[in-house]
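Asks:
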Amino acid sequence: MTSLLGLSTYAYFWRMSDRVPSPMSLDDAMRDAAAHGVDLFQICDHLPLDTASDERLAAIRSLAGELGLVLEVGTRGTAPDHLARYLHIAVALGATLVRSMWSSGDDLPSGDETERRLRAALPAYEAAGVTLALETYEVVPTADLVAVVTAVASPSLGICLDPANTVANLEHPSDVVAACAPHTRNWHVKDADFTRSPGWVGFQYTGVPIGTGRIDHVAVRDAIDPHGRDINRVIEFWLPWQDATVGADGDPAQTTTRVEAAWTEHTIEYTRSKES
Numbered sequence: 002m003t004s005l006l007g008l009s010t011y012a013y014f015w016r017m018s019d020r021v022p023s024p025m026s027l028d029d030a031m032r033d034a035a036a037h038g039v040d041l042f043q044i045c046d047h048l049p050l051d052t053a054s055d056e057r058l059a060a061i062r063s064l065a066g067e068l069g070l071v072l073e074v075g076t077r078g079t080a081p082d083h084l085a086r087y088l089h090i091a092v093a094l095g096a097t098l099v100r101s102m103w104s105s106g107d108d109l110p111s112g113d114e115t116e117r118r119l120r121a122a123l124p125a126y127e128a129a130g131v132t133l134a135l136e137t138y139e140v141v142p143t144a145d146l147v148a149v150v151t152a153v154a155s156p157s158l159g160i161c162l163d164p165a166n167t168v169a170n171l172e173h174p175s176d177v178v179a180a181c182a183p184h185t186r187n188w189h190v191k192d193a194d195f196t197r198s199p200g201w202v203g204f205q206y207t208g209v210p211i212g213t214g215r216i217d218h219v220a221v222r223d224a225i226d227p228h229g230r231d232i233n234r235v236i237e238f239w240l241p242w243q244d245a246t247v248g249a250d251g252d253p254a255q256t257t258t259r260v261e262a263a264w265t266e267h268t269i270e271y272t273r274s275k276e277s
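According to our numbering, the sequence shown is numbered sequentially starting from 2.
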């Protein structure tokens with residue numbers, strides 16, 4: 002058994018955005034990920050996939066093969082037709098995992114409705130050998146997510162663990178990890194912390210360099226045993242847009258992309274250091 006270390010498109014959030022003069026394309030990001038020596042790339046919440054032609058999907062898969070990258074995909078929502086579309090995408094890309102979320106925009110189904118949808122969608126996932134992993138986040142209590150996953154009891158259904166997300170629902174990361182560990186099939190690796198807002202009026206909860214925030218990386222790793230259970234580790238960030246004063250160049254876009262690239266290097270090195 003093994004666990005692949007990979008990067009998500011969320012690790013390229015600003016570098017792929019229209020807030021920078023020359024945004025990276027998906028192909029650019031995949032090439033950059035391969036240059037960092039990771040084995041996996043998760044194309045997560047990348048809207049062009051929703052309508053990508055089979056020819057484009059074949060081209061993405063071909064490039065990933067050339068670069069030595071395993072692919073995973075991510076979307077939002079549980080509508081059966083949407084999950085069927087992403088199963089098609091996953092099969093076309095050779096991906097064996099689709100990360101999704103309980104809700105999508107204004108579509109926030111009840112637990113019973115979510116269970117019904119999943120029971121409709123999952124037989125096709127089971128037949129294709131693809132796992133659907135629903136992510137932990139603040140909109141849905143972790144207990145509700147675990148209850149639905151347990152009730153459906155499909156070998157192709159699990160949880161994408163991100164204990165940083167659920168802090169906004171006043172859930173402690175260690176409690177979320179403990180509840181989700183038996184069902185975890187994918188791990189979003191990042192760190193986050195609180196800082197006082199200006200004037201001490203409240204707090205901001207944002208990403209920080211891994212190892213400096215509130216998420217105990219080693220405790221999560223030990224709880225879910227990624228290498229023993231084939232749980233891939235996918236690096237992503239919550240990097241705030243950087244003010245011009247942060248960097249000597251005085252250009253917020255240049256500063257932000259430089260910091261994002263530095264966080265990429267640091268997170269890969271940090272994650273690997275905790276395995277030795």
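Heads up, the beta-carbon is just placed ideally off N, CA and C, and yes, glycines get one too. Model, not experiment: these values are computed from the prediction.
I believe Pro208 touches His184 by the beta-carbon criterion, under 8 Å. Please report the beta-carbon distance rounded to the nearest angstrom.
Replies: Translated into positions along the sequence shown, residue 208 becomes position 207. Translated into positions along the sequence shown, residue 184 becomes position 183. According to the sequence shown, residue 208 is Gly rather than Pro. Gly208 to His184, Cβ: 25 Å. No contact.
Asks: Helix, strand or coil: how does DSSP classify Gly130 here?
Replies: In the sequence shown, counting from the first residue as 1, residue 130 sits at position 129. Correct three-state label for Gly130: coil.
Asks: Flag this pair as yes or no: are the beta carbons of Ala91 and Val131 separated by less than 7 Å?
Replies: By 1-based counting over the sequence shown, the position of residue 91 is 90. By 1-based counting over the sequence shown, the position of residue 131 is 130. Going by C-beta atoms, Ala91 is nearer than 7 Å to Val131.
Asks: Could you check whether Gly78 and Asp46 sit closer than 7 Å to each other, using their CB atoms as the reference points?
Replies: Counted from its first residue, the sequence shown places residue 46 at position 45. Counted from its first residue, the sequence shown places residue 78 at position 77. Contact flag unset, no.
Asks: Taking C-alpha atoms, which residue in Ile232, Asp231, Ala254 and Arg234 lies nearest to Leu240?
Replies: The sequence position of residue 240 within the sequence shown is 239, counting from 1. The candidate whose alpha carbon is nearest that of Leu240 is Ala254.
Asks: Taking the alpha helix (DSSP H) that Tyr11 falls in, what are its first and last residues?
Replies: Taking the first residue of the sequence shown as position 1, residue 11 is located at position 10. Looking at the DSSP string, Tyr11 is not in any alpha helix (DSSP H), and its letter there is neither H nor E.
Asks: For His228 and Arg186, I'd like the C-alpha separation in whole angstroms.
Replies: Walking along the sequence shown from the start, residue 228 turns up at place 227. Walking along the sequence shown from the start, residue 186 turns up at place 185. One C-alpha to the other measures close to 11 Å.
Asks: Which residues in the same chain have their Cβ closer than 8 Å to the Cβ of Ser26, if we skip the five residues on either side of it in sequence?
Replies: Position 25 of the sequence shown, counted from the start, is the residue given in the question as residue 26. So the qualifying residues of the chain are Met17.
Asks: Since Pro156 contacts Glu127 with CB under 8 Å, what's their CB separation in whole angstroms?
Replies: Within the sequence shown, residue 156 is the residue found at index 155, counting from 1. Within the sequence shown, residue 127 is the residue found at index 126, counting from 1. About 7 Å separates the two Cβ atoms, so the contact holds.
Asks: CB-CB under 8 Å to Thr258, same chain, minus the five flanking residues each way: which ones, in chain order?
Replies: Here residue 258 refers to the residue found at position 257 when the sequence shown is read from its first residue. Closer than 8 Å at Cβ, skipping near neighbours: Trp15, Arg16 and Val21.
Asks: Where Ala180 and Asp252 are concerned, what is the direct C-alpha to C-alpha distance, given to the nearest angstrom?
Replies: Looking up residue 180 in the sequence shown gives position 179. Looking up residue 252 in the sequence shown gives position 251. Those two C-alpha atoms are separated by around 43 Å.
Asks: Can you round the beta-carbon distance between Leu72 and Gly38 to whole angstroms, since I take them to be within the 8 Å contact cut?
Replies: Translated into positions along the sequence shown, residue 72 becomes position 71. Translated into positions along the sequence shown, residue 38 becomes position 37. No, Leu72 and Gly38 are not in contact; Cβ-Cβ is about 17 Å, not under 8 Å.
Asks: Does the Cβ-Cβ distance between Cys161 and Ala134 come in under 7 Å?
Replies: Numbered from 1 along the sequence shown, position 160 holds the residue referred to as residue 161. Numbered from 1 along the sequence shown, position 133 holds the residue referred to as residue 134. Yes, these two residues count as a Cβ contact at 7 Å.
Asks: Residues in the same chain with beta-carbon distance under 7 Å from Val219, minus the five sequence neighbours each way, listed in chain order, please.
Replies: As a position in the sequence shown, residue 219 is number 218, starting the count at 1. So the list reads Lys275, once near-sequence residues are dropped.
Asks: Would you report the Cα separation of Ala59 and Ala93, rounded to the nearest angstrom?
Replies: Stepping through the sequence shown from its first residue, residue 59 is reached at position 58. Stepping through the sequence shown from its first residue, residue 93 is reached at position 92. Each residue's alpha carbon lies about 7 Å from the other.
Asks: Please report the distance separating the alpha-carbon of Asp29 from that of Thr10.
Replies: By one-based count along the sequence shown, residue 29 stands at place 28. By one-based count along the sequence shown, residue 10 stands at place 9. Those two C-alpha atoms are separated by around 11 Å.
Asks: Go ahead and label Gly7 buried or exposed: buried means 16 or more other beta carbons lie within 10 angstroms of its beta carbon, across all protein chains shown.
Replies: As a working note, residue 7 is residue 6 in the sequence shown. Under this definition Gly7 is a buried residue.
Asks: What number of angstroms, rounded off, separates the C-alpha of Tyr13 from the C-alpha of Leu88?
Replies: On the sequence shown, residue 13 is found 12 positions in, with the first residue counted as 1. On the sequence shown, residue 88 is found 87 positions in, with the first residue counted as 1. Straight-line Cα distance between these residues: approximately 24 Å.
Asks: Can you give the beta carbon distance from Arg118 to Pro110, rounded, assuming they're within the 8 Å contact cut?
Replies: Here the question's residue 118 lines up with position 117 in the sequence shown. Here the question's residue 110 lines up with position 109 in the sequence shown. Between Pro110 and Arg118 the Cβ distance is about 7 Å, and since that is below 8 Å, they are a contact.
Asks: If you check the beta carbons only, do Ala122 and Leu84 fall under 7 Å apart?
Replies: Taking the sequence shown and counting its residues from 1, the one referred to as residue 122 is at position 121. Taking the sequence shown and counting its residues from 1, the one referred to as residue 84 is at position 83. The answer is yes: Cβ separation under 7 Å.
Asks: One question on the structure: do Arg234 and Ser4 come within less than 7 Å of each other, judged by their Cβ atoms?
Replies: As a working mapping, residue 234 is identified with position 233 in the sequence shown. As a working mapping, residue 4 is identified with position 3 in the sequence shown. Yes, the pair counts as a contact, with Cβ atoms nearer than the cut-off.
Asks: Can you list the beta strand (DSSP E) stretches of 3 or more residues lying completely in the region 151-182, in chain order?
Replies: Complete beta strand (DSSP E) runs here, min 3: 158-162.
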